[in-house]
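A.B. asks:
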Amino acid sequence: MKLFLALAVLVSTTAAFADPKLTLLVNLSPAGSFQAVSNKVKGNLIKTGDAFTADKISVTVESFKTGIELRDEHLWKHMQASKHPKATLTAVKGQGGKATGTLEVNGIKKPVTMSYKVAGQEVLAKFSVKASDFALPKAEYLGVGVDDVVNVEATFPFKAK
Amino acid sequence: MNPRFPRSLLLWALLLATSLSSYAYTNFIGHSYTSCLNCHYNPTGGGPLTDYGRAVSATAISSKMFYPDAWSEEKVAYTSGFLFRKPKQEWLRTQVNYRGFQVVRNPGSEKNEQKEWINMQLDGRLILKFGQNDKFVAVGNYGYAPLPEGVEDQPEWRSREYYLGYRFSPKFGMYAGLMDKAYGVKVIEHIAFSRTAPQVAQNDQVHGVLGHYLGEKWEITGQGFAGNLGQDADLQMKGGSILAERTTFDLHRIGFSALQSKNEFLTLQSYALHGRFNLKEGSAILTEVGQTNRKTFNGLDDRTMRYGLLQTYLRPFRGVYFLSNIEYFNRDIRESDYTVRWGPGLQFFPVQRVELRLDAYNTRSFSTNASTRDSWMYLFQAHLWL
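Each protein sequence line maps, in turn, to chains A and B. Residue 0 is where the first sequence starts when you use numbering that gives the first Met the number 0, and the numbers rise one by one after that. Residue 0 is where the second sequence starts when you use numbering that gives the first Met the number 0, and the numbers rise one by one after that.
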C-alpha cells in the first residue's frame, strides 16, 4: 500500500511539473513526415474557472530537434532563426475546448484558432498553420519538399488562479 | 605504360565511387521515413538511392566519427554524392555496389564447421531521370550475383533489375520492367522465412507492371507480372500482388499484402499482415505474420506454410544499430513441427559508403517425431558503396 501511495504521489508530482513541449508535425513530399520537438517553451498558462489565458508563450527556434542534425539546421535556417530567434503566441484565450491567439513567426503575426483538451494539470492544444502565411519560402532539399501546412501540437502545464 | 591504363583506372574509379545499396532498409522508419520513395527510385524500396537518400545515409545513418571535426553536416551530405560532391547535372547517376559475406556454419564443431566467403553482389547501375521531382526514371543494373542452389544453366553475370517509371502526379506512378515483387516487409535478410516462403527473395524478380499510390495515410502498390522472362517459359511465375500500408499516429505503418503466382509446376498463394513501428531516434520494430499455400502440379507436395518475423533495431548512437531477429516457420500447418530462428546482430556504418554487419543465427527445430541439434551460424557482412 505504501509503495502504491509513493508511486501515486510520484506520478501525480511528475504530471504536475511536466515540462511544456511543442511538436511540429511536418509532412514531406513525395512521402513521409518528421517531427520537430522543443522542450524549451516558456510562458504562463492561467486557468480561471473553466477559462484559460496566457499573455505570452514563446519558444526558441533553435531548440527544435528533428532527430537528424542536418535537418535541424535546415529547419532553423528555413524559419530564419538568425533574424527571428523566437516564435511567440500571445493573447491566448480559451474556453470550452476552443482557443484563439496571435502567432508570430519570422516576424509576422497571424491570428490562430486552436482546439484543446485538459489532461490532469496540462492542456493539450492542436492547431495548423501555413508556412507561406509567415513568408517562409518553399522548402526543398535534393528533390524532397515540405508541405506548406504544418500541424502543431503543444503540451503545456497550467496554474489555477 | 599502356596509354589505356589511366582511362580504365578512371572508369573503375568512377564506378566504385558511385555505388549504392540494392537492399531495402525498412527499419529506417525509425528515422521517420514511412515510405521508401524519398530515398529510393523504386517505390517499394531497394535498388539505387536518390540524392536525398544518399544525404540521409550520410547524415543520419552513418557515423561521423571518422570525418574531420571541421566538416559541417552540409559538407558530409554533399560528399555522399557522385565523386564525393554534389552532382553537376540532374539527369544521370551511375552507381556500383558490392556486398560480401563471411559465413561460419556450425562454429566450433571439429567435424561440421564450414567457413565460406560469398560474394553476394557486385553490380553497376545506371539511372536516367528527367522532369520535376524525377518524374520519369529509367533504372537498370548489371553485375555478378551467385546463382540460387540447384540452378546451373543461368549466367552469374546478369541483370536483376531494370525498369521505367513515370509519376503522373506525386500521388500516383506506374513502373514497368524487371522488379522485386511487392509483398510484405522487404527485410534485408534474403534467408528470412517471410521472404523465402512466398518466393520474394533476392533472385525472385519478375517482369511486370507496377502501380503505386501514395496518399496522406495510405500507400498502396499493385503489381501484375509475367514471371522472369529470362527463365524457361514453364518456370516463369506469373501472377499479381498487392501491398497496402497505412500510416498510424504519424509515425508507424501497419499493412497487409497478398500475392498469387503460378507456373506449370507450382501455384503459390500468400497473404500477410505486417507492421513497422518507429521507436524514434532511429530505432524501430518490424513484424510480419503470413501464410503461403503451395499447390504442386502432381499434388505430391501440397501444403500451407506459416511464418512470423520480429526484428528490432535499436540505435544507441549514430552509425550503430543493435539488432535482434526472431523468426518462426511451420512448413506444413497440418503438422505441429516448426522451426525457430533467432539471434542478435550488430550493424555499423563507420562512414558513408561502408556498412559492416555481424549476425548470429540459432536455428532450432521443434518436432514431435524427431530430435535435431540446434544449428548455429555466424555471418559477417561487408557492404561497400565507395
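Note that the Cβ used here is the ideal one computed from N, Cα and C, for glycine as well. Keep in mind it's a predicted model, so treat the numbers as computed, not measured.
What residue ranges within the stretch 101-150 of chain A form continuous beta strand (DSSP E) runs of no fewer than 3 residues, ordered along the chain?
C.D. replies: Counting whole runs of 3 or more residues, the stretch 101-150 of chain A contains the beta strand (DSSP E) stretches 107-118 and 121-129.
A.B. asks: Any contact of the stretch 204-211 of chain B with the stretch 336-344 of chain B, i.e. 3+ C-beta pairs under 8 angstroms?
C.D. replies: Because the criterion of three Cβ pairs below 8 angstroms is not met, the stretch 204-211 of chain B and the stretch 336-344 of chain B do not touch.
A.B. asks: What does THR33 (chain B) reach in chain A if we use C-beta pairs closer than 8 angstroms?
C.D. replies: As a first step, residue 33 (chain B) is located in the second sequence; it is residue number 34 there, counting from the start. The contacting residues are ALA30, GLY31 and SER32.
A.B. asks: Quick check: is the beta carbon of LEU27 (chain A) nearer than 8 angstroms to any beta carbon in chain B?
C.D. replies: The residue you call residue 27 (chain A) lines up with position 28 of the first sequence. With 8 angstroms as the cut-off, LEU27 (chain A) counts as an interface residue toward chain B.
A.B. asks: Identify the contact partners of PRO47 (chain B) in chain A, using a Cβ-Cβ distance below 8 angstroms as the criterion.
C.D. replies: As a first step, residue 47 (chain B) is located in the second sequence; it is residue number 48 there, counting from the start. Ordered by position in chain A, no residue passes the 8 angstroms Cβ test against PRO47 (chain B), which lies about 13 angstroms from the chain.
A.B. asks: Would a check of beta-carbon distances place GLU61 (chain A) closer than 8 angstroms to chain B?
C.D. replies: The residue you call residue 61 (chain A) lines up with position 62 of the first sequence. It does not: the Cβ of GLU61 (chain A) has no partner Cβ on chain B nearer than 8 angstroms.
A.B. asks: With a CB to CB cut of under 8 angstroms and the five nearest residues on each side skipped, what residues in its chain are close to SER32 (chain A)?
C.D. replies: What you label residue 32 (chain A) is simply residue 33 of the first sequence in a count that begins at 1. If we look at SER32 (chain A) and ignore the five residues flanking it on each side, its Cβ neighbours are LEU24, VAL25 and ASN26.
A.B. asks: On the criterion of 16 or more Cβ atoms from any shown chain inside 10 Å, does GLY44 (chain B) qualify as buried, or is it exposed?
C.D. replies: Along the second sequence, read from residue 1 onward, the residue named residue 44 (chain B) stands at position 45. With 16 or more other Cβ atoms within 10 Å, it is buried.
A.B. asks: Could you tell me the alpha carbon to alpha carbon distance between THR22 (chain A) and SER31 (chain B), rounded to whole angstroms?
C.D. replies: The sequence position of residue 22 (chain A) within the first sequence is 23, counting from 1. The sequence position of residue 31 (chain B) within the second sequence is 32, counting from 1. About 14 angstroms.
A.B. asks: Threshold first: 3 residues or longer. Then list the beta strand (DSSP E) segments lying entirely within the stretch 187-243 of chain B, N to C.
C.D. replies: Qualifying beta strand (DSSP E) stretches, in chain order: 205-213 and 217-224.
A.B. asks: So, with DSSP's three-state summary, where would you put HIS382 (chain B)?
C.D. replies: Numbered from its first residue, the second sequence carries residue 382 (chain B) at position 383. Here HIS382 (chain B) sits in strand by DSSP.
A.B. asks: My guess is that LEU308 (chain B) and GLU287 (chain B) are in contact by the Cβ rule of under 8 angstroms, so how many angstroms apart are they, rounded?
C.D. replies: As a position in the second sequence, residue 308 (chain B) is number 309, starting the count at 1. As a position in the second sequence, residue 287 (chain B) is number 288, starting the count at 1. Indeed they touch by this definition, with Cβ atoms about 5 angstroms apart.
A.B. asks: Using the beta-carbon of each residue, which ones in chain A are nearer than 7 angstroms to ALA54 (chain B)?
C.D. replies: Taking the second sequence and counting its residues from 1, one reaches residue 54 (chain B) at position 55. Simply LEU141.
A.B. asks: Classify SER56 (chain B) as helix, strand or coil using the three-state DSSP reduction.
C.D. replies: Along the second sequence, one-based indexing puts residue 56 (chain B) at 57. In this structure, SER56 (chain B) counts as helix in the three-state DSSP scheme.
A.B. asks: Using 8 angstroms as the threshold, is the C-beta distance between SER240 (chain B) and LEU265 (chain B) below it?
C.D. replies: Counted from its first residue, the second sequence places residue 240 (chain B) at position 241. Counted from its first residue, the second sequence places residue 265 (chain B) at position 266. Against a cut-off of 8 angstroms, the Cβ pair of LEU265 (chain B) and SER240 (chain B) comes out as no contact.
A.B. asks: Rounded to whole angstroms, what is the Cα-Cα separation between LYS128 (chain B) and THR89 (chain A)?
C.D. replies: Along the second sequence, read from residue 1 onward, the residue named residue 128 (chain B) stands at position 129. Along the first sequence, read from residue 1 onward, the residue named residue 89 (chain A) stands at position 90. Distance between the alpha carbons of LYS128 (chain B) and THR89 (chain A): 48 angstroms.
A.B. asks: Ignore the nearest five residues each way along the sequence and tell me which others in LEU399 (chain B)'s own chain have a CB closer than 6 angstroms to its CB.
C.D. replies: The question about residue 399 (chain B) has no answer here: the residues shown for chain B are numbered 0 through 385.
A.B. asks: Answer with yes or no whether the minimum CB distance from SER20 (chain B) to chain A is below 8 angstroms.
C.D. replies: Position 21 of the second sequence, counting from 1, holds the residue named residue 20 (chain B). Here SER20 (chain B) scores only 37 on pLDDT, less than 50, and its place in the model should not be relied on; the value that follows carries that caveat. No, SER20 (chain B) lies away from the interface with chain A (no Cβ there is under 8 angstroms from its Cβ).
A.B. asks: Of all the CB atoms in chain A, is at least one closer than 8 angstroms to the CB of HIS393 (chain B)?
C.D. replies: As shown, chain B starts at 0 and ends at 385. That puts residue 393 (chain B) outside it, with no answer to give.
A.B. asks: Excluding the 5 residues flanking ARG305 (chain B) on each side, which residues of the same chain have their C-beta closer than 7 angstroms to its C-beta?
C.D. replies: If you number the second sequence from 1, residue 305 (chain B) lands on position 306. These residues qualify, in order along the chain: GLN290, ASN329 and ILE332.
A.B. asks: Nearest-angstrom Cα distance between ASP71 (chain A) and ALA243 (chain B)?
C.D. replies: In the first sequence, residue 71 (chain A) corresponds to position 72, counting from 1. In the second sequence, residue 243 (chain B) corresponds to position 244, counting from 1. Cα-Cα distance, rounded: 31 angstroms.
A.B. asks: Measuring CA to CA, which of A:GLY95, A:ASP18 and A:LYS55 is closest to GLY48 (chain A)?
C.D. replies: In the first sequence, the residue the question calls residue 48 (chain A) occupies position 49. The shortest Cα separation from GLY48 (chain A) among A:GLY95, A:ASP18 and A:LYS55 belongs to A:GLY95.
A.B. asks: Just the C-alpha distance for LEU13 (chain B) and LEU91 (chain B), rounded to the nearest angstrom, thanks.
C.D. replies: Working through the second sequence from its first residue, we reach residue 13 (chain B) at position 14. Working through the second sequence from its first residue, we reach residue 91 (chain B) at position 92. Note that LEU13 (chain B) has pLDDT 36, beneath the 50 cutoff, so the model's placement of it is unreliable and the number below is only indicative. Approximately 13 angstroms between the Cα atoms of the pair.
A.B. asks: Excluding sequence positions up to five away, which residues of its chain have a Cβ less than 8 angstroms from the Cβ of PHE51 (chain A)?
C.D. replies: For the purposes of this step, residue 51 (chain A) is taken as residue 52 along the first sequence, with counting starting at 1. Once the five neighbours on either side are set aside, the close Cβ partners of PHE51 (chain A) are LEU44, ILE45, VAL91, LYS92, GLY93, GLN94, ALA98, TYR115, VAL122 and PHE157.
A.B. asks: Here's the rule I'm using: 16 or more other beta-carbon atoms within 10 Å means buried, otherwise exposed. How should LYS185 (chain B) be labelled?
C.D. replies: As a working mapping, residue 185 (chain B) is identified with position 186 in the second sequence. Buried is the call here.
A.B. asks: Quick one: residues in its chain with C-beta nearer than 8 angstroms to the C-beta of ARG84 (chain B), no 5 flanking neighbours on either side, listed in chain order?
C.D. replies: Sequence index remark: in the second sequence, residue 84 (chain B) carries index 85 (1-based). TYR77 and THR78, listed in sequence order.
A.B. asks: What residues in the stretch 57-72 of chain B have a beta carbon less than 9 angstroms from any beta carbon of chain A?
C.D. replies: Those would be ALA57, THR58, ALA59, LYS63, SER71 and GLU72, in chain order.
A.B. asks: Tell whether a beta-carbon distance below 8 angstroms holds between GLU112 (chain B) and VAL102 (chain B).
C.D. replies: Your numbering for residue 112 (chain B) matches position 113 in the second sequence. Your numbering for residue 102 (chain B) matches position 103 in the second sequence. In this structure, VAL102 (chain B) does not lie closer than 8 angstroms to GLU112 (chain B) by Cβ.
A.B. asks: My parser needs the alpha helix (DSSP H) runs of 4 or more residues fully inside the stretch 36-110 of chain B; what are they?
C.D. replies: Runs found: 50-55 and 72-77.
A.B. asks: Per DSSP, what kind of secondary structure is ASP122 (chain B) in: helix, strand or coil?
C.D. replies: By 1-based counting over the second sequence, the position of residue 122 (chain B) is 123. The answer is strand: DSSP assigns ASP122 (chain B) an E or B state.
A.B. asks: Which residues does DSSP pair with THR25 (chain B) in a beta bridge?
C.D. replies: Here residue 25 (chain B) refers to the residue found at position 26 of the second sequence. Paired residue(s): none; THR25 (chain B) is not in a bridge.
A.B. asks: At least one CB of chain B closer than 8 angstroms to the CB of LEU23 (chain A): is that the case?
C.D. replies: Sequence index remark: in the first sequence, residue 23 (chain A) carries index 24 (1-based). Taking Cβ atoms only, chain B never reaches closer than 8 angstroms to LEU23 (chain A), which makes this a no.
A.B. asks: In angstroms with no decimal places, state the Cα-to-Cα distance between MET376 (chain B) and ILE117 (chain B).
C.D. replies: Position 377 of the second sequence holds residue 376 (chain B). Position 118 of the second sequence holds residue 117 (chain B). If I take the Cα positions, the gap works out to 14 angstroms.
A.B. asks: Kindly say whether ILE56 (chain A), judged by its beta-carbon, lies nearer than 8 angstroms to any beta-carbon of chain B.
C.D. replies: Counted from its first residue, the first sequence places residue 56 (chain A) at position 57. Output row for ILE56 (chain A): interface = no.
A.B. asks: Reducing DSSP to helix, strand and coil, say where GLU152 (chain A) ends up.
C.D. replies: Residue numbering aside, residue 152 (chain A) sits at position 153 when the first sequence is read from its first letter. Strand, per DSSP.
A.B. asks: Determine whether the Cβ of TYR377 (chain B) lies closer than 8 angstroms to any Cβ atom of chain A.
C.D. replies: Working through the second sequence from its first residue, we reach residue 377 (chain B) at position 378. So, not an interface residue.
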